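Chemist: The structure's right below; bear with me while I get my questions together.
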DNA sequence: CAGCGCTACTGTATCGTTACAGATTTGTAT
DNA sequence: ATACAAATCTGTAACGATACAGTAGCGCTG
């Protein structure tokens, strides 16, 4: 107890602030380096020493200083969620953030939200993160078939995951909802209800899941023998008013659709409004199947058939995938596709 | 050009990575300290020197290393948004995050989302932030009259802002929606429609805006001479199913309410479901006024009178307030109350 | 022309951590 | 004994920025 108390932090106890390695070094009589290595379970530190260090660290509630680690190693312990400021009205951001943070809670990672305005370059936040080393991993959404963000991140070697897939021959982590399947099953459902003239409210053409959803829709039309009614000039990125007005016009036309597949929950609302503005009744003049991120429609318009896309789960998957990527797991193992499921007709218990 | 090129970063150009003060020092032939001070416009640096430094810094795209600044000064340039993982179904988080980031975009601040699960201590994330110095400012919601988080943050001197007010004699920044006024105007509206037996779906009693909303409701009852129907055991934090079932029971009772004030948009959905389950019709057997965070209800149930609470604006106000607090502005000047407004009856253009 | 004060600039130490290159001790083979 | 390896532990430097305590040069006063 005295033969060992020689050098070490010759300086007195660091002070009253939060504990650092120096504090532990002082308390254990060890060198700062030793303490550092002991806490990372390095092989050249004695078992008993590690034990002592860990005990003291725990007792005094030591938590490594993020700035110190970051400065020295470049590791930020930050995951960046890159978002458009102009998010959909039905706000998928909430459950997404919740899902992500649920996973991050058990890790040293913090979630930083990095926005970009749609009027600007979607690459801007990516460049910022790359240039400033602001994060260890990135989560991006609104993925395009040839996504420049994916190209840039891959080239620069920064781990990331996309919400949605790409078609650029690059193997990378992703999580996606099976929109092909969704549209296919939606068509099946409508045809089973005797509908034959179907319309699709689709995603904007530049996003990857546009072609997925269209493909599923068209495959369904073929397999179940129904016809498509064109609604091509309108997509889920249009305003609710635009969608409603366009759909009202369509429903007032000579040969209106009798089955509707809506690629978004908020779009569905506008479609319903348009349909009713044309003096038609949902469930009578037409049936509708919609993808939804919440329980809303099911409560207010039970006549709509809904397929639930669980964004919270998506957030969890995305978070797990980026971390996996950071940890060096092969990208192939970090890809997942969630299957659509029809929501149970009536009300199951809802959280909170 | 040579008489000055004496000492300075004797070491060669920092290297190919991102530029640091050293890079600029090398390029300008100045000392690192001088460059640092020049960039902060310190008074002891010559005007021309500052100009040169600024020019070079801009040219090479210098951005201060956050870890360096943080380690040395303790300034994190982080604002922490503290959230419950169990957010309401109608997700106010999305627009809130958008509003906050809109303001932070013009500042050096990053937004970090710090969650806590409702099952745990709401103080935990606050303690974490205080103990680790994780943020320069904090945004908290679900504010209580005697909020331990406010007490702790005040005591420790960490800038913060609350979404909602407190009643603890502490002057602090806040942004709030005028729920008193909302409930009062809601009662007025219902009475003007000939309704006399009113029910309130209120916030949970431990939150501050519970008493605000109740006070407005009761003042309205007095001023406009209507009666209250008790629905006390249920509040907006209950599940949709619980609310619906309870409300169905109430509507089937001997003397059901004919006017409904809903303190939340998602609650309104459950109330409508309950009312209809009791074979009543909204607009005929009863009218309803609801506070809403989106355009949903207005589109799907135009018979509901809605008052819009703009969460995005709230996010902006909150962000401005924390930053103001950090900058040392007096708390009194960082308090704001947003007034409820009835939404225009039909559809105005909706964003995206 | 010594001394003072001012302007403009600079070196050193430091924040907390880790990479790296030792240093010390002990045990073992020779 | 001597050398050598293995097992443990340690000091120094560095990441990038800033606080602080200078220093150098200049003009002016008396």
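Protein chains in written order, with our numbering: chain R, 1 to 352; chain E, 1001 to 1352. Where is the CB? At the ideal position from N, CA and C, for every residue including glycine. As the structure is a computational prediction, the values presented were derived from the model and not from experiment.
Run through DSSP, which three-state label would residue 1334 of chain E get?
Modeler: helix
Chemist: Closer than 7 Å by C-beta to residue 122 of chain R: which residues in its own chain qualify, once you throw out the five before and the five after it? Chain order, please.
Modeler: For residue 122 of chain R, where only same-chain residues beyond five positions count, the Cβ hits under 7 Å are 116, 149.
Chemist: Strictly by DSSP, which residues pair up with residue 1174 of chain E?
Modeler: E/1162, E/1335
Chemist: What residues in its chain sit with their C-beta under 7 Å from that of residue 1252 of chain E, if we drop five residues either side in the sequence?
Modeler: 1278
Chemist: Listing by chain order, which chain R residues have their CB less than 7 Å from the CB of residue 1068 of chain E?
Modeler: In chain order: 71.
Chemist: So, with DSSP's three-state summary, where would you put residue 77 of chain R?
Modeler: coil
Chemist: Within the 9 Å Cβ cut-off, does residue 323 of chain R reach chain E?
Modeler: no
Chemist: Residues of chain E with CB closer than 8 Å to the CB of residue 63 of chain R, please, in chain order.
Modeler: At a C-beta separation below 8 Å, residue 63 of chain R has these neighbours in chain E: 1131, 1132.
Chemist: Pop quiz: residue 1262 of chain E and residue 1240 of chain E are said to be a contact at Cβ under 8 Å. What is the actual Cβ separation, rounded to whole angstroms?
Modeler: Rounded, the Cβ-Cβ distance is 12 Å, inconsistent with contact.
Chemist: For chain E, check one thing: does any of its Cβ atoms lie closer than 9 Å to the Cβ of residue 111 of chain R?
Modeler: yes
Chemist: Please list the terminal residues of the continuous alpha helix (DSSP H) segment that includes residue 323 of chain R.
Modeler: 311 to 326
Chemist: Identify, in the order they occur along the chain, each residue of the same chain with its Cβ nearer than 8 Å to the Cβ of residue 1152 of chain E, setting aside the five sequence neighbours on each side.
Modeler: So the qualifying residues of the chain are 1123, 1126, 1127, 1130.
Chemist: Looking at C-beta atoms only, is the number of pairs between the stretch 173 to 184 of chain R and the stretch 328 to 340 of chain R that lie closer than 8 Å three or more?
Modeler: Using a C-beta cut-off of 8 Å, the stretch 173 to 184 of chain R makes contact with the stretch 328 to 340 of chain R, since at least three inter-stretch Cβ pairs fall below that distance.
Chemist: Taking all protein chains shown into account, do 16 or more other C-beta atoms lie within 10 angstroms of the C-beta of residue 1249 of chain E, making it buried, or fewer, making it exposed?
Modeler: exposed
Chemist: First and last residue of the alpha helix (DSSP H) that includes residue 1125 of chain E?
Modeler: 1123 to 1132
Chemist: Taking Cβ to Cβ, would you say residue 1024 of chain E is nearer than 9 Å to residue 1311 of chain E?
Modeler: no
Chemist: Within 10 Å of its beta-carbon, does residue 1291 of chain E have 16 or more other beta-carbons around it, so buried, or fewer, so exposed?
Modeler: buried
Chemist: Measure the alpha-carbon distance for residue 52 of chain R versus residue 30 of chain R and round it to whole angstroms.
Modeler: 10 Å
Chemist: Which ranges would you report for the beta strand (DSSP E) in the stretch 1229 to 1291 of chain E if only whole runs of at least 3 residues count?
Modeler: 1259 to 1262
Chemist: Leaving out five residues before and five after residue 1188 of chain E in sequence, what residues of the same chain have Cβ atoms less than 7 Å from its Cβ?
Modeler: 1220, 1224
Chemist: Identify the contact partners of residue 1300 of chain E in chain R, using a Cβ-Cβ distance below 9 Å as the criterion.
Modeler: 269, 272, 273, 296, 297, 300, 301
Chemist: If contact means a Cβ-Cβ distance below 7 Å, which residues of the stretch 1027 to 1057 of chain E contact chain R?
Modeler: Going along the stretch 1027 to 1057 of chain E in chain order, one finds no residue with a Cβ nearer than 7 Å to chain R.
Chemist: Is residue 359 of chain R helix, strand or coil when you go by DSSP?
Modeler: One cannot answer for residue 359 of chain R here, as it falls past the ends of chain R, which runs 1 to 352.
Chemist: Taking the alpha carbon of residue 106 of chain R as the point to measure from, which residue in R/81, R/82, R/77, R/113 has its own alpha carbon closest?
Modeler: Looking at R/81, R/82, R/77, R/113, the one whose alpha-carbon comes closest to that of residue 106 of chain R is R/77.
Chemist: Per DSSP, what kind of secondary structure is residue 5 of chain R in: helix, strand or coil?
Modeler: Interpretation of residue 5 of chain R is limited by its pLDDT of 33, a score under 50 that renders its predicted location unreliable; the figure taken from the coordinates is listed afterwards. Residue state, collapsed to three classes: coil.
Chemist: Should residue 72 of chain R go down as buried or exposed, given a rule of 16 or more other Cβ atoms within 10 Å for buried?
Modeler: exposed
Chemist: Should residue 37 of chain R be listed as close to the ligand GTP, given that the test is whether its C-beta is under 8 Å from any heavy atom?
Modeler: In the structure shown, the ligand GTP is absent, as is every other ligand, since no ligand is present at all.
Chemist: Among R/80, R/84, R/85, which has the Cα closest to the Cα of residue 104 of chain R?
Modeler: In terms of Cα proximity to residue 104 of chain R, the closest of R/80, R/84, R/85 is R/80.
Chemist: From the DSSP output, which residues share a beta bridge with residue 987 of chain E?
Modeler: For chain E, the structure presents residues 1001 to 1352; residue 987 of chain E sits outside this window and is missing.
Chemist: Tell me the DSSP bridge mates of residue 197 of chain R?
Modeler: R/227
Chemist: Could you give the DSSP three-state label for residue 1062 of chain E: helix, strand or coil?
Modeler: In the structure shown, residue 1062 of chain E sits in coil (DSSP, three-state: anything other than H, G, I, E or B).
Chemist: Please report whether the beta-carbon of residue 1094 of chain E lies at a distance below 9 Å from any beta-carbon of chain R.
Modeler: yes
Chemist: Between which two residues does the beta strand (DSSP E) holding residue 139 of chain R run?
Modeler: 137 to 140
Chemist: Between residue 1021 of chain E and chain R, is there a C-beta pair that is closer than 9 Å?
Modeler: no
Chemist: Locate the beta strand (DSSP E) running through residue 306 of chain R, then write down its first and last residues.
Modeler: Counting along the chain, residue 306 of chain R sits inside the beta strand (DSSP E) bounded by residues 305 to 308.
Chemist: Return the bridge partner residues of residue 115 of chain R from the DSSP annotation.
Modeler: R/83
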